[in-house]
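What follows is a set of notes on a single structure, which appears directly below.
Protein chains in written order, with the working numbering: chain B, 1 to 390; chain U, 1 to 343; chain R, 1 to 290.
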């Protein structure tokens, strides 16, 4: 009895593994594989979803134009749901089974951090699409990233606050990875920027009313402005509740709400909200001489035509990662991981959706604060806040 | 109220346990082997030893190691659910304690990894003891919601106490060093987790066959009847709860050490549900079933990646299908069908 | 004082949402002893189907009706093809089936709809009603009213109609119910249909406040389940009180103690309540028969 079922288990397991082998498209050998593990579903799916669509769109386009170095690209994307353990398994799979030449992915910082050892050990370049500063600080040989760090967003907001002579602020942050990480960075850089944080509140994932937290902020004496760090539906609800309570102080959102969807969800309440964001969001409003204008206009058009959804900066991060890799491979005239890595590190004056990228052995991000624009929402649309505005 | 003597009463009538009563039909064939209760453990051990012959790469070792780690936690939970008849929707919380113990111990307190693992197990046991005393008085769905709340509490603590745990982004876990040997890599962890699983399964089979195990099953059938028979119901339930917490904690420690990085989602509600699903899918009251349940839920998502966007749809359908057609769980249902066929 | 009022308003807003979700658990539990873990997906369907039909140009009231009809059909299908097929399985197996159904429905929604958050226009505008220094949105009152209406209907139905009594009889003893001529299959199927409809109505009503997306169901079901247990599972009145209580607990904990640990505070209170009253606030104590 017992022994019989032991062997059925063995057979089931063997069959499952065999199926997994068959399922892996190993027949196409002439192609160069780009690996990716993204949070296509789950709470961070609004990162992973546009990232996936962007990668698919552009790999298609590149292949139609003849590929890179005369070879076609093949994309292998897995959905880790933002779960670090699953991401780690997919990382191993990409390296061991799919034999990818490069990894472009990792939607969340937690998943990225869990995957780093796999690519460091295998010696395969890893371009992360997650925000956390711990990904590139300290510098790891094989690991790069494309999105701005939370710290830059904080500094950008603080600079704007100083310009408006608002120095005492309250922070309300989401307890999710993004909100928490940015809140920590803001707390860290506040003293150097001359900002005092007089009160802090948080809200959880899926919360649908933040008026108690905002009431406490409203009643706190001396709060001159409020900063909300977080993404997903949280910031939209915070913004609505903010107007519901008729709080007068300026409200700042983070780069995590970087999509038109936020304005739609928050409605009229969004008017007057400021946030730091990449040039991508205001493609049509950039002055003609702006070096990023052609890139972000083209990306916006392509993404919106193809998907019918408003463009978000998250998809832009995937575009930047893919293009940095493609250009590096072209410069290296090879897909040899070590050579490609060296060329990625030498990326200079790359014009991406996130900014002008200048990487170096000491800086595997290559963006500075100038990559961020300060936006204000007026009448349901983004407007650029002039840099000289007081 | 009529109470039949325990030994005449069919035990665990809706989910028969493999290895005891299901074995009767086979006794004639397998003879002495069958009577030796650790036979399934030996077979598991042999399978673990031979499985690598099928493995072409480290990726397979990793997936298999994850199966063993989750199976270990599922076996612990199965003792509670399948044998003692108590539900827990918060068992990932104990996995979290074990996982964060091996992260926080070496990083913040300078305690070596192996000692942290033991300390984590001890902490889990103490927490289970303290929490279990009151909440195990609750029954059915009320116990479910209480354990659910307990698991959520732990997950909230792991997420919020960022100075200790690294917050939602998690923290890295130093490699385990045993007698100067650094335990690393998928292959090494395959063997470590395999040994852990075999030990865990052996302990579980021993426990079930012990007097305490019989008391457990009596409680599963009817708490009132068990207490009439003189079984200290509260104490037995608490003991099993503590034991199952230790299983989950050790599994959590292994997971964290294996991955080298731990995030709070190892301790969250969805992981708890996944553990329960492993137990129920494989078969409540079947130790081998827990291994099968863990295999299905760890391997299946890897196979389903070919379906891309339809992955979750099919996963849901598979779970529903298995539960509809193998309603006692995979292993007990197949065992029953096979027994019927033999007759 | 104004802040106490605001915290209460917030608690009632969130609590009414939980109450509506919790109500959905009641009927299925009463008829079949099953906690339906896909109840959250019914709520999701109510919101998402309305949103996407409205985007496609269907007038909002019609879209909402179609969404409710869709969810009801899904509920019936879940009963017919899954629960009914697994007739005779124990409660844990049935619950596992509903978990599978929830994963399946989410999987379908992510393909049919999209992965972004969506909103619906509130029924009576979004100018807050100001009162005593605090503010509440009209939609919160709508959700609250919805919970009360459904409560009254359910209560009237279960306690005052023959069919309702059949539901209770089915729950108490399936075999005995069948012996007295109750079609237990139809009774349970009916309870799935009505629960799904309640979920969808909840989804439509709460979306202007909570927003909706394909995976909103899990968290809502979690809170709704906790609320239903706090009130005493099976009692419609308990579901509403449990929901409101949970919402108020969270709001007060966020306002007075720590917003970081508000969920923890809420669950600790639930634990304490259950230890004092193991059958929930308004639940009936079950006597174990041997």
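Positions of the beta carbon are idealized from the N, C-alpha and C atoms, including for glycine.
Neighbourhood of residue 223 (chain R) by C-beta, 6 Å cutoff - its chain only, sequence neighbours within 5 removed = 18
Quick one: what does DSSP say residue 21 (chain U) is sitting in, helix, strand or coil?
-> With a pLDDT of only 47 at residue 21 (chain U), under the threshold of 50, the placement of this residue in the model should not be trusted; the figure read from the coordinates follows. Helix at residue 21 (chain U).
First through last residue of the beta strand (DSSP E) which encompasses residue 381 (chain B) = Where residue 381 (chain B) is concerned, the enclosing beta strand (DSSP E) stretches over 381–384.
Alpha carbon to alpha carbon, how far is residue 121 (chain B) from residue 182 (chain U)? Give it in angstroms, no decimals.
-> 15 Å
Per-residue DSSP class, three states only, for residue 338 (chain U) = Looking at residue 338 (chain U) - three-state DSSP - the assignment turns out to be helix.
Does the segment 71–81 of chain U come close enough to the segment 267–284 of chain U to have 3 or more Cβ pairs within less than 8 Å?
-> A contact exists between the segment 71–81 of chain U and the segment 267–284 of chain U.
Nearest CA to the CA of residue 235 (chain R): which residue from R:137, R:165, R:151 and R:272?
-> If we check each option's Cα against that of residue 235 (chain R), R:151 comes out closest.
Answer yes if the segment 114–126 of chain R comes into contact with the segment 51–64 of chain R, meaning at least three C-beta pairs across the two stretches below 8 Å, and no otherwise.
-> The answer is yes - the segment 114–126 of chain R touches the segment 51–64 of chain R, with three or more Cβ pairs under 8 Å.
Under 9 Å by beta carbon: chain U residues contacting residue 107 (chain R) | 309, 310, 311, 312, 313, 314, 315, 316 and 317
Does any residue of chain R bring its CB to less than 7 Å from the CB of residue 90 (chain U)?
-> no
So is residue 126 (chain U) buried or exposed if we call it buried at 16+ other beta carbons inside 10 Å?
-> Exposed, since its Cβ has fewer than 16 Cβ neighbours within 10 Å.
Relative to chain B, which residues along the segment 78–89 of chain U have a C-beta separation below 8 Å, given in chain order?
-> Residues of the segment 78–89 of chain U with a C-beta atom less than 8 Å from some C-beta of chain B do not occur.
From what residue to what residue does the alpha helix (DSSP H) around residue 243 (chain B) run?
-> 234–244
Between the segment 206–225 of chain B and the segment 181–191 of chain B, do at least 3 Cβ pairs fall closer than 8 Å?
-> no
Which whole-angstrom value is the C-beta distance of residue 56 (chain B) and residue 73 (chain B), which I expect to be below 8 Å?
-> Going by Cβ atoms, the distance from residue 56 (chain B) to residue 73 (chain B) rounds to 11 Å, so no, they are not a contact pair.
Let me know the secondary structure DSSP gives residue 98 (chain B) once reduced to three states.
-> coil
So which of U:98, U:97 and U:157 has the shortest CA-CA distance to residue 258 (chain R)?
-> With distances taken between Cα atoms, residue 258 (chain R) lies closest to U:157.
Write down the C-beta distance between residue 95 (chain B) and residue 124 (chain B) rounded to the nearest angstrom, noting that I regard them as a contact closer than 8 Å.
-> 6 Å
Would you mind listing the beta strand (DSSP E) stretches within the segment 51–109 of chain B that are 3+ residues and don't spill past its ends, in chain order?
-> 73–79 and 102–105
Skipping 5 residues on each side, what residues in its chain have a beta carbon closer than 7 Å to that of residue 198 (chain R)?
-> 23, 24 and 150
Contacts that residue 233 (chain R) makes with chain U (C-beta to C-beta distance below 7 Å) | 141
What is the DSSP secondary structure of residue 332 (chain U), counted as helix, strand or coil?
-> helix
One or two residues paired with residue 276 (chain B) in a DSSP bridge | In the DSSP output, where bridge partners are listed per residue, residue 276 (chain B) has B:374.
Please work out which residues of its chain come closer than 7 Å, Cβ to Cβ, to residue 269 (chain B), disregarding the five sequence neighbours upstream and downstream, and give them in chain order.
-> 239, 240, 242 and 243
Given residue 253 (chain B) as reference, the closest of B:40, B:349 and B:160 once Cα atoms are compared | Taking only the C-alpha atoms, the option nearest residue 253 (chain B) is B:160.
Sub-7 Å separation of residue 14 (chain R) and residue 280 (chain R) beta-carbons = no
Kindly list the residues whose CB is nearer than 8 Å to the CB of residue 298 (chain U), restricted to its own chain and excluding five residues on each side of it in sequence; keep chain order.
-> 63, 66, 67 and 70
Are the C-beta of residue 320 (chain U) and some C-beta of chain R separated by less than 7 Å?
-> yes
Under 8 Å by Cβ, that's how I've got residue 101 (chain U) and residue 253 (chain U) pegged, so tell me the actual separation to the nearest angstrom.
-> 6 Å
Rounded C-alpha distance that separates residue 228 (chain B) from residue 41 (chain B) | 24 Å
Who are the near neighbours of residue 145 (chain B) in its chain, counting only those whose CB is closer than 6 Å to its CB and skipping five residues on each side?
-> 128, 135, 136 and 365
Could you name the residues of chain B that residue 138 (chain U) contacts, counting a contact when the two beta carbons are closer than 7 Å?
-> Within chain B, no residue comes near residue 138 (chain U); the closest Cβ sits about 25 Å away, beyond 7 Å.
Three-state secondary structure (DSSP) of residue 12 (chain U) = Low per-residue confidence applies at residue 12 (chain U): pLDDT is 40, beneath 50, and the placement is therefore not dependable, though the value from the model is reported in the following sentence. Three-state result, residue 12 (chain U): coil.
Using a Cβ-Cβ cut-off of less than 8 Å, give me the residues of the segment 186–205 of chain B that come near chain R, in sequence order.
-> For the segment 186–205 of chain B, residues whose beta-carbon sits nearer than 8 Å to a beta-carbon of chain R comprise 201, 202, 203, 204 and 205.
Chain R contacts made by the segment 147–171 of chain U, where a contact means CB separation under 8 Å | 148, 149, 150, 152, 153, 156, 157 and 160
Members of the segment 242–265 of chain U that neighbour chain B once the beta carbon cut-off is set at 8 Å = So the list reads 255, 259, 260, 261, 262, 263 and 265, given in the order they occur along the chain.
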